[in-house]
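Numbering (my numbering), first residue to last: 546 to 688.
Right, dumping it as structure tokens:
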């Protein structure tokens with residue numbers, strides 16, 4: 546059976562003056578791209594989300610389809626209080642911050658457990674939720 550010597554027991558390598566080791570540690574690259582910022586999607590208003598979606602679209606970070614999913618929250622529609630608000634009993638609060646990820650998780654769950662689930666709406670909710678999670682933690686990679 547063979548045993549290995551600990552690294553501390555090996556003699557230190559010395560290089561003659563002017564010689565460099567074969568694997569010279571390279572300095573880190575100077576021009577690394579800035580990490581994408583994390584956005585506060587757990588405390589953002591529908592109006593703030595619409596503004597953020599437009600900003601991301603104009604910067605080229607999201608495509609047109611993703612912008613259309615994020616950039617037009619229902620509460621910004623002028624007839625919200627007469628339609629959806631009348632059905633739910635909740636008036637529009639487009640400037641009230643809220644946890645958009647939790648809100649879309651709830652919507653996705655409701656659409657999946659509905660008596661008549663609509664696959665297109667479920668897929669749209671799933672995509673919106675994936676985009677919101679990406680905005681919260683961009684290091685996980687764009688969906």
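Ideal Cβ placement from N, Cα and C applies to all residues, glycine included.
*asked:* Rounded to the nearest angstrom, what separates residue 675 and residue 661 at their Cα positions?
replied: 23 Å
*asked:* Using C-beta distances below 7 Å, list every residue in its chain close to residue 586, excluding the 5 sequence neighbours before and after it, in chain order.
replied: 645, 646, 677, 680, 681
*Of the residues 606, 618, 610, which one's Cα is nearest the Cα of residue 640?*
618
*Exposed or buried, residue 595, counting other C-beta atoms within 10 Å across all chains shown (16 or more means buried)?*
buried
*alpha helix (DSSP H) containing residue 589: first to last residue?*
No alpha helix (DSSP H) contains residue 589, which DSSP labels as neither H nor E.
*Closer than 7 Å to chain B by CB, residue 635*: As a matter of chain content, chain B is missing from the structure shown, which is built from one protein chain.
_Beta-carbon gap between residue 607 and residue 601 smaller than 7 Å_ = yes
*Have a look at residue 629 and residue 666 and give me their C-alpha separation to the nearest angstrom.*
16 Å
_Per-residue burial, residue 633 [other beta carbons within 10 Å of its own, 16 or more giving buried]_ = exposed
*asked:* Can you check which of these residues, 597, 584, 636, 672, is closest to residue 652 by C-alpha distance?
replied: 672
*Near residue 621, which residues of its chain fall below 7 Å by C-beta distance, leaving aside the five closest residues on each side in sequence?*
591, 592, 595, 639
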